[in-house]
Amino acid sequence: MLTLYKYGSVWDVLDISPFCSKVEVYFRLQKIDYTAQIANAQKSPKQKLPTVRLEDRVICDSSVILAHFESISDHPLDAGMSPLELSIAQAYRALFEEKLYFVAAWVRWADDKAWVIYRPAIMQYFGQLGLPSFLHSFFAKMARKQVLKSIHAQGIGRHSPAEIVAIGADILKAVSVFLADKTYFMGEQVRTIDATAYAFLSAIIDVPMETALKQTALSLPNLREYCERMKRKIEVPT
Ligand SMILES: N[C@@H](CCC(=O)N[C@@H](CS)C(=O)NCC(=O)O)C(=O)O
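For reference, each letter of the sequence shown is one residue, going 1 to 238 in UniProt numbering.
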């Protein structure tokens, strides 16, 4: 019995957290049966989601989760990759998860116009956790303060809005150049990096916040087409 603890799906994304989406994408690609459960990050062992429970074992962190399932799979997605391919995939994973993530998070949580649209999704999460409705607005405000503090601590939040948008655009353009006209991120075969790439691109493209970051992503046709292809591959209803 496998349970994935996550935040919850909203709009066209599998989860409001791209890290939770990444794990779901991997499970779908590998046709692994799981039950999804909305959970409180603060109650998870590392105070972050996703985590999974597999029988009596709890595994935290999306990359550790994928590594575990790769290690026990008869058909690991990354089987047969060369050391060079693995190192490129690792570098792109860091670019998506350690850099683009903070740009996209800033766009959602800091920009007032985006926040008006994002806030109800956050309030919905607090509702799904079973917290009393009169507290949702307060918790959303606290969460916003906390996330902006962590984006500032990471460093991205110290730049001006124009600089942050430019950093995000540069990353998206680099990703677009590397993806080129390949079917999947590393070529013709879907790999674990595709779970990351799709989750983090979809978190920008498949959300209703009409930000400059989304406009840049949409202006790069191969990124849009890649997301559509991945969506079909994992059968996310559109
Ligand atoms: N390295 C972790 C990152 C997970 C992560 O940052 N999750 C965020 C949501 S996107 C979280 O749960 N944050 C809760 C908090 O910081 O309080 C992974 O790959 O799973």
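Virtual Cβ for every residue (Gly too), placed ideally from N, Cα, C.
Check                                                                                                                                                                               : Outcome
Using 7 Å as the cut-off, classify the Cβ of Ser202 as near or not near the heavy atoms of ligand 3, replying yes or no.                                                            : Ligand 3 is absent from the structure shown, which contains only ligand 1.
What does a CB cutoff of less than 8 Å around Gly8 pick up in its chain, not counting 5 residues either side in sequence?                                                           : Asp15, Ile16, Ile38, Gln124, Tyr125 and Gln128
Answer with buried or exposed for Gly168, where buried requires no fewer than 16 other C-beta atoms within 10 angstroms of its C-beta.                                              : buried
In three-state terms, what does DSSP make of Tyr5?                                                                                                                                  : strand
Report yes if the C-beta of Lys48 is less than 7 Å from at least one heavy atom of ligand 1; otherwise report no.                                                                   : yes
Give a yes or no on whether the C-beta atoms belonging to Val103 and Ile193 are separated by under 8 Å.                                                                             : no
Does the region 194-214 come within contact of the region 38-54, defined as at least 3 CB pairs closer than 8 Å?                                                                    : no
Is it true that the CB of Leu220 sits closer than 8 Å to the CB of Lys173?                                                                                                          : yes
How would you write the range of the beta strand (DSSP E) that Val52 sits in, first residue to last?                                                                                : Thr51 to Leu54
Give, in chain order, every unbroken run of the beta strand (DSSP E) that is at least 3 residues long and sits entirely within the UniProt domain "Thioredoxin-like fold" (18-113). : 35-38, 51-54 and 57-60
With burial defined as no fewer than 16 other Cβ atoms inside 10 Å of the residue's Cβ, what is the status of Ser82: buried or exposed?                                             : exposed
Among Phe178, Val236 and Arg232, which one has its Cα closest to the Cα of Ala89?                                                                                                   : Phe178
Could you tell me the distance, in whole angstroms, from the CA atom of Asp56 to the CA atom of Pro161?                                                                             : 45 Å
Can you tell me where the alpha helix (DSSP H) with Tyr198 in it begins and where it stops?                                                                                         : Thr192 to Ile205
Determine whether the beta carbon atoms of Pro18 and Tyr101 lie at a separation below 8 Å.                                                                                          : yes
Quick one: is Arg232 buried, meaning 16 or more other Cβ sit within 10 Å of its Cβ, or exposed?                                                                                     : exposed
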